[in-house]
Amino acid sequence: MYMSWKSPYFSIDMIRIGIVDDEKNALDVLQEFVNAIPGFEVKFASTDPLKMLNACESKMIDVLISDIKMPGLDGVVLSELSYRQKIPVIICSAYPNRAFECIQTQVVGFIKKPTSKLCVYLALEKAKDRLELIFPGKGNLENPYIMVSKFGNNSLQKIMVDDILYVEQKNNYALIHTWQDSINYRTTFSRLLDSLESHSFWKTHKSYAFNIRYFSKLELKHIHLSNGKIIPIGRTFIDEIRRRIEEYFND
Numbered sequence: 001m002y003m004s005w006k007s008p009y010f011s012i013d014m015i016r017i018g019i020v021d022d023e024k025n026a027l028d029v030l031q032e033f034v035n036a037i038p039g040f041e042v043k044f045a046s047t048d049p050l051k052m053l054n055a056c057e058s059k060m061i062d063v064l065i066s067d068i069k070m071p072g073l074d075g076v077v078l079s080e081l082s083y084r085q086k087i088p089v090i091i092c093s094a095y096p097n098r099a100f101e102c103i104q105t106q107v108v109g110f111i112k113k114p115t116s117k118l119c120v121y122l123a124l125e126k127a128k129d130r131l132e133l134i135f136p137g138k139g140n141l142e143n144p145y146i147m148v149s150k151f152g153n154n155s156l157q158k159i160m161v162d163d164i165l166y167v168e169q170k171n172n173y174a175l176i177h178t179w180q181d182s183i184n185y186r187t188t189f190s191r192l193l194d195s196l197e198s199h200s201f202w203k204t205h206k207s208y209a210f211n212i213r214y215f216s217k218l219e220l221k222h223i224h225l226s227n228g229k230i231i232p233i234g235r236t237f238i239d240e241i242r243r244r245i246e247e248y249f250n251d
């Protein structure tokens, strides 16, 4: 297994962008602009602000670009909720009269519609500067990934560590669960955890460990992840897990 690590939060090499706009055409234009700018990629895009809020709470993105007037959740309110997750926000709106209101919050930039690639680039650079202030010294490492030999054949697969939701032990192999797939990996559970625990993976049970980035809810015997999956907590792990979660989100 080969490893390459970065900060649990973001990488200067590739900053993950979330875009929300209830107008599909505007959403498509912003995606095209962002993906054309080196160092940035659209990780999550939606016309639903509530889905974007969940993506922010799940730490799927590093920076949010949001419209203002959207059904279900106002963009200014969404920006305030997102910034609590240490996610800088850029507002993109056709209503310049609300720019001052946005500046009074933690918004790092305001882009007037219709926008241009240059305006998007300048706003993203401001957001990048804000990330460096929020997470000083954590932007110069490589994107983390693992190369695994899949159980049952000789094929190799590259898995981005940030895409892993949780891992579990199954007999003589480890099962790696991502957003897209579940991969059988012939290795010991302890060997895999030795690497992942230095990132953002916490053991909850003798056979389970989860990625704190995707934590949603803690119960007495279970942890809920942001994709709806529920994993068990062993009796000897509950107090330590509760303490670490409180420290992580109050940091």
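Following the UniProt record's numbering, the numbering of the sequence shown begins with 1 at its first residue and continues without gaps. Yeah, the Cβ is synthetic: ideal placement off N, Cα and C, and Gly gets one too.
Over the uninterrupted alpha helix (DSSP H) stretch that includes residue i, give me the two end residues.
i, result
"Gln-31", "24 to 35"
"Asn-54", "49 to 57"
"Tyr-173", "Run containing Tyr-173: none in the alpha helix (DSSP H); it sits in the beta strand (DSSP E), 173 to 178."
"Tyr-83", "75 to 83"
Skipping 5 residues on each side, what residues in its chain have a beta carbon closer than 8 Å to that of residue i?
i, result
"Ala-36", "Lys-117"
"Gly-72", "Asp-48, Pro-49 and Leu-50"
"His-222", "Ile-230, Ile-231, Pro-232 and Ile-233"
"Gln-180", "Asp-163"
"Gly-75", "Val-20, Pro-49, Ser-66, Asp-67, Ile-68, Lys-69, Ile-91 and Ser-93"
"Val-77", "none"
Spatial neighbours of residue i within its chain, please: CB distance less than 6 Å, with the 5 preceding and 5 following residues excluded, ordered by chain position.
i, result
"Glu-125", "none"
"Tyr-2", "Note that Tyr-2 scores 36 on pLDDT, short of 50, meaning its location in the model is unreliable; the coordinates nonetheless yield the value given after this. Met-147."
"Phe-189", "Gln-169 and Ala-174"
"Arg-213", "Lys-59 and Ser-200"
"Ser-46", "Val-20 and Met-52"
"His-224", "Ser-216, Lys-217 and Ile-230"
Enumerate in chain order the residues of its own chain whose CB-to-CB distance from residue i is below 7 Å, with the five nearest sequence positions on each side excluded.
i, result
"Thr-178", "Ile-159, Asp-163, Ile-164 and Leu-165"
"Val-42", "Ile-17, Ile-19, Gln-31, Val-34 and Asn-35"
"Gly-137", "Low confidence applies to Gly-137: its pLDDT is 49, below 50, so where it sits in the model is not reliable, and the reading given next is rough at best. No residues qualify anywhere along the chain."
"Arg-244", "Trp-202"
By the DSSP assignment, the beta strand (DSSP E) with residue i in it spans what residues?
i, result
"Arg-16", "15 to 20"
"Lys-128", "Counting along the chain, Lys-128 falls outside any beta strand (DSSP E), though it belongs to the alpha helix (DSSP H) covering 117 to 134."
"Val-167", "164 to 170"
"Glu-41", "40 to 46"
"Leu-225", "222 to 225"
"Ser-200", "Premise fails: Ser-200 is in no beta strand (DSSP E) and is neither H nor E."
"Ala-209", "208 to 211"
"Phe-110", "109 to 112"
"Tyr-185", "182 to 185"
"Pro-232", "230 to 232"
Nearest by alpha-carbon distance to residue i: which of the options is it?
i, options, result
"Pro-114", "Leu-27, Arg-242 and Asp-181", "Leu-27"
"Arg-242", "Lys-128, Val-167, Trp-202 and Ala-94", "Trp-202"
"Phe-44", "Asp-21, Asn-25 and Pro-38", "Asp-21"
"Gly-228", "Thr-236, Phe-237, Leu-218 and Cys-92", "Leu-218"
"Cys-119", "Asp-194, Ser-93, Glu-246 and Val-77", "Ser-93"
"residue 252", "Leu-220, Arg-235 and Ser-216", "Missing from the structure shown is residue 252; the chain here goes from 1 to 251 and no further."
"Val-107", "Glu-132, Tyr-121 and Leu-81", "Leu-81"
"Tyr-121", "Leu-220, Pro-88, Tyr-95 and Gly-39", "Gly-39"
"Pro-96", "Tyr-248, Lys-112 and Ala-123", "Lys-112"
"Phe-237", "His-224, Tyr-248, Glu-247 and Leu-220", "Leu-220"
What are the partner residues of residue i, as DSSP defines its beta bridges?
i, result
"Met-160", "Tyr-145"
"Leu-64", "Gly-18 and Val-89"
"Phe-215", "Leu-225"
Are the segment 14 to 27 and the segment 56 to 72 touching by the rule of at least three beta carbon pairs closer than 8 Å? yes
I want to know whether the segment 201 to 215 touches the segment 47 to 56 - three or more CB-CB distances under 8 Å. no
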